[in-house]
Each structure stands twice: as structure tokens, then as C-alpha cells.
Amino acid sequence: MSDAQEDPRPSGLSFARQMTAATPHARALGLEILSVERARAIGRIPFRDELAGDSGTGVIAGGVLTAMLDHVCGVAACSALEVLQVVATLDLRIDYMRPAAPGASVIADAQCYKLTRTIAFVRALAYEERADDPVAAAAATFILSGDTPRPTGANLGPPPARRRP
Amino acid sequence: MSEPAPFTEADLHAVLNRIPYARFLEVRLELRGDELTLTLPFKTEVIGDFALPALHGGAVGALMELTAVAQIAVAQRHAGLPKTIDIGVDYLRSGRPVDTYARAHVTKLGRRIANVRVEAWQFERGDPVAAMHGHFLLQPGPS
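Chains Z and C are the protein sequences, given in the same order.
Here the first sequence stands for residues 1366 to 1530, numbered as in the numbering used here.
Here the second sequence stands for residues 96 to 238, numbered as in the numbering used here.
Structural data, given as C-alpha cells:
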């Protein structure tokens, strides 16, 4: 069967949708994954008033774009993997080119253009309708967990005493 | 013309209240002199990884961006919200499922542009979970 939703690999659409459904912040923002192919992911956040950056303007907040670009870049990084690993954002750089159109939903299109054993390099554009008229652009790096991900519950309690620089 | 009056905590609450997304995140603020601290209270909606559990990088990024915007309002003493031009976020450690704090330093307040650095932390101020550097386009204030 060629239905992408049946593909269980990290490069599949169903995996990306599960990953998003299991991320409370992505759910809280109403983020939907529209499509996933190898090393590329496209997501959308439908506009609603509580996501605005300034009352009355109806323009989606910069912070919402930040969260969406982070998440969709992470999905693109996962979709580039043969075997699932946990990815964590190391660096996220965003250029905000212009305010989004009032009341408009925004799409993020992310491509993982380089994968090493430890790092995924991803870039993304956010736009309402056309990729050649972007609202924001992102460049992100993610660190891969390798075969020793941190165990479930590892973050319950404070971090270990830090090494003093 | 006299110096504009210093910005008060009430003025800043008014600024944050104009940002629906800040209300959605339930961000709180405290101003002591010109030192401003924003708090992102922990709640389920800001989790990015359920297993660890860890905060979502986007929520921490949004907190730091809001802190920069609010600190610029303090520095320029008016509430014309600056527009974000670019940000760069370093994620330094996994955010625990507790409240997160952020403080910003306006490195330069120019005529049109502000350069701002922000750090976010949880347990120890000197052990930040994330650091941000951003450029913001200033909006003219009331003349």
C-alpha cells in the first residue's frame, strides 16, 4: 500500500503526526503536520486570536513562529533518520522579514539538508501562501541522542551540580 | 522638554496584556528598579518532550523574546512595541518541568535598532537553560 500514513519509519507522515500529537506545546498552538517526505516537513498553525502578538492587529506573534519553526525543523530532522533517535535543539536562528497577514494561518516548510552522526542541520521558511514571499526564515541545528537517549523521567528533579567554567 | 517618566511595573503589565500570546503563556513579570524578570510558569502546555519531561524550545524562545521586548520598553520609557528583526537562541540544557525565569540586557539602544541579550534559567541564575541574542526595530514613541 502506498498510503504515507501507514509508513511507520521516522520519515513517515504518521510518525510526524504522532510526534506532534505527543508534544503538548505543539498541540496547544494547534500545529498540524501537512506533509512529510524524506528530510522535509511542512506544518501549519491556523490563526486564532490568542496567538496574536498585539491585540487588535490579528497578526500571529513572533514567539508562535519561533515555536512552530523549532518544531517543524525537529520533525524534518527526525524524518531524515533511518532509525529513530531523539533530537534536541542546539541552536535556532530566525530572521523575521515582515509581519504575517492579519488573521492568516502560517505554514513552515523545513528541510534537513545535512545529517552527521551527531548533528542535523535544518533550514526552514515560514509563509502564508507563497514560499517566495516569506514571513520568517530559520536555520537550526539539532543534536541527536545516538543509541543512548536520556531515560524517561531524567528531568524530574534539578540538574546535577554544574561544572564551574 | 522634560525627561519621560520612568516605566513602572503597571506600565509593563499593560504592555504584556496587549500581547495575547503572552497571556496564553501566562507570563508574569517583576520590575525592581530597571531590572526586569519575566517568569514562564510551568504548565502542561509548554512541554516539548513528554518522556523526560522537557520544556519546548519554542516556549523558552518566546519567553526570551517577550523579555527582550519588555526590557526595551523599560529602556526607551515608552510602550511602542519594537518589531523583532532576528534572534539567535542557544539551547544550553534541557528545560526541567518547573518555572523558568528570564532577564534581558539592552546592549545598545540606538535610534532605530536595539541589540539585546537574554538569558533564561531555572534553578541557578549562573546555570542558564538558554541564551538569546536579538536585533529589534524600534517604534517611535509618543512625541
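Note that CB positions come from ideal geometry on N, CA and C, so glycine has one too.
Check: Chain C contact for M1433 of chain Z (CB, 8 Å cutoff); Outcome: yes
Check: Interface partners of E1415 of chain Z on chain C, CB under 9 Å; Outcome: P115, Y116, R118 and F119
Check: I142 of chain C classed as buried or exposed, judged by whether at least 16 other C-beta atoms fall within 10 angstroms; Outcome: buried
Check: For H230 of chain C, three-class secondary structure by DSSP; Outcome: strand
Check: L1378 of chain Z versus A1406 of chain Z: straight-line alpha-carbon distance, rounded; Outcome: 9 Å
Check: Counted within 10 angstroms of its Cβ, other Cβ atoms place Q1476 of chain Z as buried (16 or more) or exposed; Outcome: buried
Check: Residue-level contact to chain D via CB, I1484 of chain Z, 8 Å cutoff; Outcome: Reference to chain D is not applicable here, since the protein chains of this structure are Z and C.
Check: Residues of its chain near N210 of chain C, where Cβ-Cβ distance is below 7 Å and the 5 sequence neighbours each way are ignored; Outcome: T202, K203 and H230
Check: Range covered by the beta strand (DSSP E) that runs through V110 of chain C; Outcome: Unbroken run through V110 of chain C is the alpha helix (DSSP H), E104 to N112; no beta strand (DSSP E).
Check: 8 Å Cβ shell around P1523 of chain Z - same chain, five flanking residues per side excluded; Outcome: none
Check: Limits of the alpha helix (DSSP H) - the one that S1400 of chain Z falls within; Outcome: First-last for S1400 of chain Z: E1397 to E1402, but that is the beta strand (DSSP E), not the alpha helix (DSSP H).
Check: Distance CB(L1399 of chain Z)-CB(I1410 of chain Z) smaller than 8 Å; Outcome: no
Check: Outcome for T1481 of chain Z when other beta-carbon atoms lying within 10 angstroms are tallied against a minimum of 16; Outcome: exposed
Check: Environment of G1439 of chain Z [buried if 16+ CB atoms lie within 10 Å]; Outcome: buried
Check: Length of the line joining the Cα atoms of D129 of chain C and D106 of chain C; Outcome: 13 Å
Check: Classification of Y186 of chain C by the beta-carbon crowding that lies within 10 angstroms, buried from 16 upward; Outcome: buried
Check: Environment of P115 of chain C [buried if 16+ CB atoms lie within 10 Å]; Outcome: buried
Check: When C:H151, C:D222 and C:I167 are compared against L120 of chain C, the one with the closest alpha-carbon; Outcome: C:H151
Check: Chain Z contact for A105 of chain C (CB, 8 Å cutoff); Outcome: no
Check: Where V1437 of chain Z sits in the DSSP three-state scheme; Outcome: helix
Check: T179 of chain C versus Z:A1426, Z:M1433, Z:L1457 and Z:V1451, residue with shortest Cα-Cα distance; Outcome: Z:A1426
Check: Sufficient close CB pairs (3 or more, under 8 Å) joining the segment 164-178 of chain C to the segment 1430-1445 of chain Z; Outcome: no
Check: Chain-ordered residues of the segment 199-231 of chain C with a beta carbon less than 7 Å from chain Z; Outcome: F218 and D222
Check: Cβ neighbour criterion (16 or more within 10 Å) applied to S1376 of chain Z; Outcome: buried
Check: Beta-carbon gap between V1500 of chain Z and M1462 of chain Z smaller than 8 Å; Outcome: yes
Check: Contact list for L1457 of chain Z against chain C, beta-carbon separation under 7 Å; Outcome: G152, G156 and V184
Check: Within chain Z, the residues that P148 of chain C reaches when beta carbons sit closer than 7 Å; Outcome: N1520
Check: Exposure label - N1520 of chain Z; buried when at least 16 CB within 10 Å; Outcome: buried
Check: Helix, strand or coil at F1412 of chain Z [DSSP, three-state]; Outcome: coil
Check: Between the CA atoms of A197 of chain C and A1526 of chain Z - distance to the nearest angstrom; Outcome: 21 Å
Check: Test item: CB-CB of L1457 of chain Z and T1483 of chain Z under 8 Å; Outcome: no
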